[in-house]
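Participant: Got a structure for you, questions after.
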Amino acid sequence: MSILDRLQFYFMHFMPYPDIASGRGAGQWVDIPNAHFDPIEGNKLYKRYPDELVLGDELGYDGLVVTEHHSTYYSLMPSCTVAAGALVARTKRVKICLFGTPIALTYPHRLAEEYAMLDVMSGGRVECAFPLGTGMEYWVNPVNPSTARERFREAMDVLMQAWTQPGPTRYDGRFYQYKYLNPFPPPYQKPHPKIYIVGSGSEETIAYAAEKGFGYSQVFVPLAPQLKSFQNYREIAARHGLKVDSESIIISAMVYVAETEQKAIEEGRDHILFYFQKLLKTSPHFYAPPGHLPIERLRKRLEMPNIQDTEITLGSSQHPLSNRARNTGAGRRTDRLLVRAGAKQQDHPPPARRRHAALEGGQEHHDFRGRSDPASPANGSGSAAGRRIEGRQWTASPSAT
């Protein structure tokens, strides 16, 4: 089977609250008054957004991705398990990906049970990814950010013990103690659903994922840094005697598809800018609470350009931030195509969203996979890391190479 036939396409949704509070230089996170939320509008959105995700199942996407964030207009998903439960009941084939609950901010035994319940309900269609959580999340949860990484690893140990050892078992750690660790039900998939670690490129996170044999995904960066992180990930895994297969790599990119590249840019530009310049905007002190990032990592973050305050030109511009712009994937060019996880455009009217999804799900998947039936599910269970080359072509190679 060709590696192209094993490419998988995942449809990611952030469920934003589009009616953001204007005039807030501090952004849309943490301390924005929740009195701005209109429950009638929220009810409409909670009906509309699952419909859009279910459409991804009908169009032949391999997975639907839900996420979790707190106290923000960026996402109306403070619980990705609730969102996933709504999708499990309405889908039959597609994988449901929880990308995902910050496990350091919850009780890991409860998360083990909830994810296992979803896995059983779906007949083994669940995949999960675990982020450390943004700095903003730690301002609205009673967890000391300086202990976040240690707490994260201990919580993952609890989860893995709960999923891999017959219960009841005992666990005694610094942050979590269980006399009877006995999740019921256990997962449908044996020994457990596929697990990824989500990071932003830190060496510590990459090493942790590689050493434990988990998959890895890097978010909010262009393709080149993602590929560099994946190379580090492969090298570290090899030192531990582990082979990285093609299912262990997730490449993320924003993709907007229309009949022509120019039309895609015209339609998608405002919504991509809305995402980067409005929804992602937050205050520096919320972004990096004391202790949340290692000193060197924090220094690198502070040296990065502030993309919320920068005008982005999509397409063939030679703008200094064109790498970031190119990786938003406006247009039909396959050198910008989503490989596994993609992001929805922000607040298009429902007909425009459906047309975009149908074009991407039909035309682009068909072009990439070379199938006679573009709506058919992916052959096999593997995915691949895509590598951009000159012109409009891609060559895909297994991530283990």
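To get the numbering used here, take the position in the sequence shown, counting from 1, and add 41. Where is the CB? At the ideal position from N, CA and C, for every residue including glycine. All figures in this text were calculated on a predicted structure; none of them were measured in a lab.
What separation, rounded to the nearest whole angstrom, lies between the Cα atoms of residue 53 and residue 67?
Facilitator: Looking at the two C-alpha atoms, the distance is approximately 26 Å.
Participant: Measure the beta-carbon distance from residue 190 to residue 245 and round it to whole angstroms, keeping in mind my assumption that it falls under 8 Å.
Facilitator: Confirmed, about 7 Å.
Participant: How many angstroms separate the CA atom of residue 311 from the CA atom of residue 242?
Facilitator: For residue 311 and residue 242, the distance between alpha carbons rounds to 28 Å.
Participant: Hey, how far is the Cα of residue 366 from the Cα of residue 304?
Facilitator: Here the model assigns residue 366 a pLDDT of 38, short of 50, so the residue's position is not dependable, and the following value carries that caveat. Cα to Cα, residue 366 sits roughly 16 Å from residue 304.
Participant: Taking the alpha helix (DSSP H) that residue 280 belongs to, which residues open and close that run?
Facilitator: First-last of the alpha helix (DSSP H) with residue 280: 264-280.
Participant: Alpha carbon to alpha carbon, how far is residue 94 from residue 50? Give it in angstroms, no decimals.
Facilitator: Roughly 13 Å separates the two Cα atoms.
Participant: Have a look at the DSSP bridge pairing and note the partners of residue 240.
Facilitator: In the DSSP output, where bridge partners are listed per residue, residue 240 has 259.
Participant: Just curious, the alpha helix (DSSP H) that residue 325 is in, first and last residue?
Facilitator: It spans 325-328 - the alpha helix (DSSP H) in which residue 325 sits, taken as one unbroken run.
Participant: In terms of residue numbering, what span does the alpha helix (DSSP H) encompassing residue 295 cover?
Facilitator: Where residue 295 is concerned, there is no enclosing alpha helix (DSSP H), although the beta strand (DSSP E) it sits in stretches over 293-295.
Participant: Per the DSSP calculation, residue 197 is bridged to which residue(s)?
Facilitator: Looking at the DSSP assignment, residue 197 forms no beta bridge with any residue, so it has no partner.
Participant: Would you report the Cα separation of residue 204 and residue 308, rounded to the nearest angstrom?
Facilitator: Approximately 45 Å, taken between the alpha carbons.
Participant: Got a sec, what are the start and stop residues for the alpha helix (DSSP H) residue 87 sits in?
Facilitator: First-last of the alpha helix (DSSP H) with residue 87: 80-99.
Participant: Can you tell which of 199, 146, 133 has its C-alpha closest to the C-alpha of residue 181?
Facilitator: The shortest C-alpha separation from residue 181 is found at 146.
Participant: Where does residue 318 fall in DSSP's three states?
Facilitator: In the structure shown, residue 318 sits in a helix (DSSP, three-state: H, G or I).
Participant: Does DSSP classify residue 211 as helix, strand or coil?
Facilitator: Reduced to three states, the DSSP call for residue 211 is strand.
Participant: Which parts of the stretch 138-181 are runs of the beta strand (DSSP E), unbroken and 3 residues or longer, counting only runs that do not cross its ends?
Facilitator: The qualifying runs are 167-172.
Participant: With residue 104 as the anchor, note down where its beta strand (DSSP E) starts and where it stops.
Facilitator: Looking at the DSSP string, the run of the beta strand (DSSP E) that includes residue 104 is 104-107.
Participant: Out of 137, 108, 79, 259, state which residue places its alpha-carbon closest to the alpha-carbon of residue 450.
Facilitator: The structure shown has nothing for residue 450, since the chain only spans 42 to 442.
Participant: According to the neighbour-count rule (16 or more other Cβ atoms, all chains shown, within 10 Å of its Cβ), is residue 301 buried or exposed?
Facilitator: When all chains shown are included, residue 301 counts as exposed.
Participant: Considering Cα atoms alone, identify which of 175, 208, 333 is closest to residue 150.
Facilitator: Minimum Cα distance to residue 150 is reached at 208.
Participant: Specify, as a first and last residue, the run of the alpha helix (DSSP H) that residue 128 falls within.
Facilitator: That run of the alpha helix (DSSP H) goes 121-129.
Participant: For residue 50, which of helix, strand or coil comes out of DSSP?
Facilitator: Coil.
Participant: Let's test the definition: count the other Cβ atoms within 10 Å of the Cβ of residue 170 and tell me whether it reaches 16, buried, or not, exposed.
Facilitator: The residue is buried, with at least 16 neighbouring Cβ atoms inside 10 Å.
Participant: Can you give the beta carbon distance from residue 78 to residue 239, rounded, assuming they're within the 8 Å contact cut?
Facilitator: Not confirmed; about 27 Å, so no contact.
Participant: Determine the direct distance from the alpha carbon of residue 214 to that of residue 315, and round the result to whole angstroms.
Facilitator: So the two alpha carbons sit approximately 43 Å from each other.
Participant: Taking C-beta to C-beta, are residue 125 and residue 159 nearer than 8 Å?
Facilitator: For residue 125 and residue 159, yes; Cβs fall inside 8 Å.
Participant: Could you tell me the distance, in whole angstroms, from the CA atom of residue 282 to the CA atom of residue 232?
Facilitator: Going from the Cα of residue 282 to the Cα of residue 232 covers about 20 Å.
Participant: Spatial neighbours of residue 210 within its chain, please: C-beta separation below 7 Å, excluding the five flanking residues on both sides.
Facilitator: Here the set comprises 202, 222.
Participant: The beta strand (DSSP E) that contains residue 218, what's its start and end?
Facilitator: From DSSP, the beta strand (DSSP E) with residue 218 extends over 218-222.
Participant: Residue 109 and residue 142 look like a contact to me (Cβ under 8 Å); what is the Cβ gap, rounded to whole Å?
Facilitator: Rounded, the Cβ-Cβ distance is 5 Å, consistent with contact.
Participant: Just list the residues that DSSP pairs residue 68 with in beta bridges.
Facilitator: Answer is 323, bridged to residue 68.
Participant: Once you ignore the five residues that flank residue 352 on each side, which residues in its own chain have a CB closer than 6 Å to its CB?
Facilitator: Model confidence at residue 352 stands at a pLDDT of 44, short of 50, so the residue's coordinates are unreliable; what they give is reported in the following sentence. Correct list: empty, nothing qualifies.
Participant: Short of 6 Å in beta carbon distance, which residues of its chain neighbour residue 61, apart from the five on each side in sequence? Order them along the chain.
Facilitator: Once the five neighbours on either side are set aside, the close Cβ partners of residue 61 are 69, 114, 319.
Participant: Evaluate residue 336 with the Cβ neighbour count: other Cβ atoms within 10 Å of its Cβ, from every protein chain shown; 16 or more gives buried, anything less gives exposed.
Facilitator: Under this definition residue 336 is an exposed residue.
Participant: Grouping DSSP H, G and I as helix and E and B as strand, with all else coil, what is residue 136?
Facilitator: Reduced to three states, the DSSP call for residue 136 is strand.
Participant: Counting only the same chain and skipping the five closest in sequence on each side, list residues whose C-beta sits under 8 Å from that of residue 256.
Facilitator: Only 170, 235, 236, 237, 238, 250, 288, 289, 290, 291 meet the Cβ criterion.
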